[in-house]
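Student: Here the sequence shown stands for residues 0 to 411, where the numbers follow numbering that gives the first Met the number 0. Cβ coordinates follow ideal geometry from the N, Cα and C atoms, glycine included. All values reported here derive from a predicted model rather than from experimental measurement.
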Amino acid sequence: MSKFQKTTLATALLLVTAQSSAAGFQVSEHSASGLGRAFAGEAAVADNASVLARNPAAMSRFKQAELSFAGSYVEPNVDITGVSDSVIGRNPDVSNLDADDVVHSAFVPATYFIQPINEKFAIGLGIFSTYGVTTEFDDDYAAGAAGGKTDLLTLNINPSISYKATDKLSLGLGISAVYGTATLERNYGDLDADLSKSLFLLEGDAWALGWNVGALYEINKNNRIGLAYRSQVDLGFEGEFTGATSGDTKVNASLDLPLPATAEFSGYHALTESFAITYSALWTQWSKFEELRATSTSCLAGECFLKEESFDDNMRYAVGAEYTIDKVVLRAGFALDESAGETTLSIPESDRFWYTAGATYNASNNLSIDFGIAYIYVEEVDFTESTTSGVEYGFTSSGDAIIASAQANYRF
């Protein structure tokens, strides 16, 4: 494989971090009630079993077994526009560099179950996703070496246990079995007369283990704070790679992809019997995403490609409010999700601004229904993309997204 092919291949693989509703390739859609307050207070509120996705210690607040089913529909709108004066050494039709709706819509399901054992212990199980994205460019896209099709899906199976250490302090621990599957396909684009000619295809899956811990401190019945940490999980993809040699020969290849660690501090404060405020600061350790390296004994020197990365740890700040009227709880929230990395065609990163609203209807003492909706505004970004062959492309990335969620909670 030529040096140019290795570089474009590595760049293309970074589309697993293309624009989505959250920074990088993070998935935040864990609950409908959380979406309504922009996921503010998630490690402390504990209004239903979905708190398992953030803080296992909060299970200590549950006096009955509870089962929650949640589903979120994400409708992104991300467009890439070519810039006419930034293609060096060529005279292409710049419109061939335009791409609309490159991030696909997605349905994100989740389910949670909590079972109190006694006054001290509770156990639970959460099944949800923490990272994933789906993007697709047309087969004849001019910058096809960095565009193409990308599917990344992760599933987290997360059993947990909580322990009420004192009347005010609870602790929690969870183990995560994470499954990931990835498909990445790229074409030559204007590097070949046949724009849709296949450059490479990589398909693989992986299992990995991680862990999470949490603490919940209840100041009194109206005020509590939560702290939670989720470990980094290293997915070692093993799959078939087409493109390391001439022709359509398939070889076995390995690719390591870190799912970054996170830490969250949250608070919940009921100011009156009807009104409460929530807040969160969520840190994600994106700086651990230092490189992408694919290896195979069939590649030159055992290395199919290597691309070093420049990512920084990022913060997500959220505030929310809840107002209770009889059987209905109304919610609203705002969040700032900071950009996690430098902007490229494969990572059109930018700050994101969340505006959310939602409600809960308590149908009975045992059943409640949650709804949430969010509008996410993504700042427009101008950037260039260069290749080792001396071609430089210019782009503008713009986009927004709408998320709608629903959830049912049943207490036994």
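Does the Cβ of Trp-206 have 16 or more other Cβ atoms within 10 Å, making it buried, or fewer, making it exposed?
Tutor: exposed
Student: Would you mind listing the alpha helix (DSSP H) stretches within the region 299-344 that are 4+ residues and don't spill past its ends, in chain order?
Tutor: You should have found no qualifying run.
Student: Whose C-beta lies closer than 6 Å to the C-beta of Gly-33 among residues of the same chain, with five residues either side of it excluded?
Tutor: Glu-41
Student: What is the DSSP secondary structure of Asn-76, reduced to helix, strand or coil?
Tutor: Asn-76: strand per DSSP, three-state reduction.
Student: Among residues of its own chain, excluding the 5 on either side of Ile-116, which ones have a beta-carbon nearer than 7 Å to its beta-carbon?
Tutor: Ile-122
Student: I'd like the list of long-range same chain contacts for His-103, defined as Cβ closer than 8 Å, with 5 residues on each side in sequence excluded.
Tutor: Pro-75, Thr-133, Thr-134, Glu-135
Student: So Arg-330 packs on Ala-356, CB below 8 Å; how close in whole Å?
Tutor: 7 Å
Student: Spatial neighbours of Ala-407 within its chain, please: CB distance less than 6 Å, with the 5 preceding and 5 following residues excluded, ordered by chain position.
Tutor: Taken in chain order, the residues that qualify are Phe-68, Ile-368.
Student: Can you tell me the Cα-Cα spacing of Leu-419 and Leu-96, whole angstroms?
Tutor: Any property of residue 419 remains undetermined from this structure, which presents the chain solely from 0 to 411.
Student: Going by Cα to Cα distance, which pick from Gly-147, Ile-402, Arg-60 is closest to Ala-98?
Tutor: Gly-147
Student: To which residues of the same chain is Phe-240 closer than 6 Å at the C-beta, ignoring the five residues directly before and after it?
Tutor: Leu-201, Val-250, Ala-252
Student: Excluding five sequence neighbours on each side, which residues of the same chain lie with their C-beta closer than 8 Å to the C-beta of Asp-399?
Tutor: Pro-75, Asn-76, Tyr-374, Ile-375, Tyr-376, Val-377
Student: Within 10 Å of its beta-carbon, does Phe-394 have 16 or more other beta-carbons around it, so buried, or fewer, so exposed?
Tutor: buried
Student: Based on the DSSP secondary-structure assignment, which residues constitute the bridge partners of Ala-262?
Tutor: Looking at the DSSP output, Ala-262 shares a beta bridge with Tyr-228, Trp-282.
Student: In whole angstroms, give me the CA-to-CA distance for Lys-326 and Ser-273.
Tutor: 11 Å
Student: Drop a sphere of 10 angstroms on the beta-carbon of Tyr-278, count the other beta-carbons inside from all chains shown, and report buried for 16 or more, exposed for fewer.
Tutor: By the 16-neighbour rule on beta-carbons within 10 angstroms, Tyr-278 is buried.
Student: In the structure shown, what three-state DSSP assignment does Ala-31 receive?
Tutor: For Ala-31, the secondary structure class from DSSP, reduced to helix, strand or coil, is helix.
Student: How is the beta strand (DSSP E) around Phe-412 delimited, first residue to last?
Tutor: Nothing about residue 412 can be read from this structure; the chain reaches only from 0 to 411.
Student: At the level of alpha carbons, what is the spacing between Gly-81 and Tyr-392?
Tutor: 8 Å
Student: Take every Cβ of the region 179-190, pair it with every Cβ of the region 158-165, and state whether three or more of those distances are shorter than 8 Å.
Tutor: no
Student: Skipping 5 residues on each side, what residues in its chain have a beta carbon closer than 6 Å to that of Ser-397?
Tutor: Hits under 6 Å: Asp-78, Glu-379.
Student: Return the first residue and the last residue of the beta strand (DSSP E) that Lys-119 is part of.
Tutor: That residue, Lys-119, is in no beta strand (DSSP E); it is neither H nor E in DSSP.
Student: May I ask which residues mark the beginning and end of the beta strand (DSSP E) holding Phe-199?
Tutor: 197-219
Student: According to DSSP, is Lys-249 part of a helix, a strand, or is it coil?
Tutor: strand
Student: Given a threshold of 16 other Cβ atoms within 10 Å of its Cβ, counted over all protein chains shown, does Phe-310 qualify as buried or as exposed?
Tutor: buried
Student: Just list the residues that DSSP pairs Val-107 with in beta bridges.
Tutor: Ser-71
Student: Between the alpha carbons of Asn-90 and Asp-189, how many angstroms are there, rounded?
Tutor: Low confidence applies here, because Asn-90 scores a pLDDT of 47, under 50, leaving its location unreliable and the question unanswered by this model.
Student: Could you pull out every residue in the same chain whose Cβ sits closer than 6 Å to the Cβ of Leu-151, ignoring the five residues on either side in sequence?
Tutor: Val-15, Gly-131, Val-132, Ala-181
Student: Report the option in Gly-235, Gly-213, Leu-215, Ala-142 whose CA atom is closest to the CA atom of Leu-194.
Tutor: It is Ala-142 whose Cα lies nearest to the Cα of Leu-194.
Student: What do you get for Leu-254, buried or exposed, if any count of 16 or more other CB atoms within 10 angstroms of its CB means buried?
Tutor: Looking at its Cβ environment, which holds 16 or more other Cβ atoms inside 10 Å, Leu-254 is buried.
Student: Give the C-beta separation of Ala-275 and Phe-38 to the nearest angstrom, bearing in mind that I take them to be a contact with Cβ-Cβ under 8 Å.
Tutor: Actually they do not touch by this definition, with Cβ atoms about 15 Å apart.
Student: What do you get for Glu-237, buried or exposed, if any count of 16 or more other CB atoms within 10 angstroms of its CB means buried?
Tutor: Exposed is the label assigned to Glu-237, since fewer than 16 other Cβ atoms lie within 10 Å of its Cβ.
Student: To the nearest angstrom, report how far apart Ala-403 and Ile-372 are at their CA atoms.
Tutor: 4 Å
Student: Taking 7 Å as the cut-off, decide whether the C-beta atoms of Leu-66 and Tyr-409 are in contact.
Tutor: Going by C-beta atoms, Leu-66 is nearer than 7 Å to Tyr-409.
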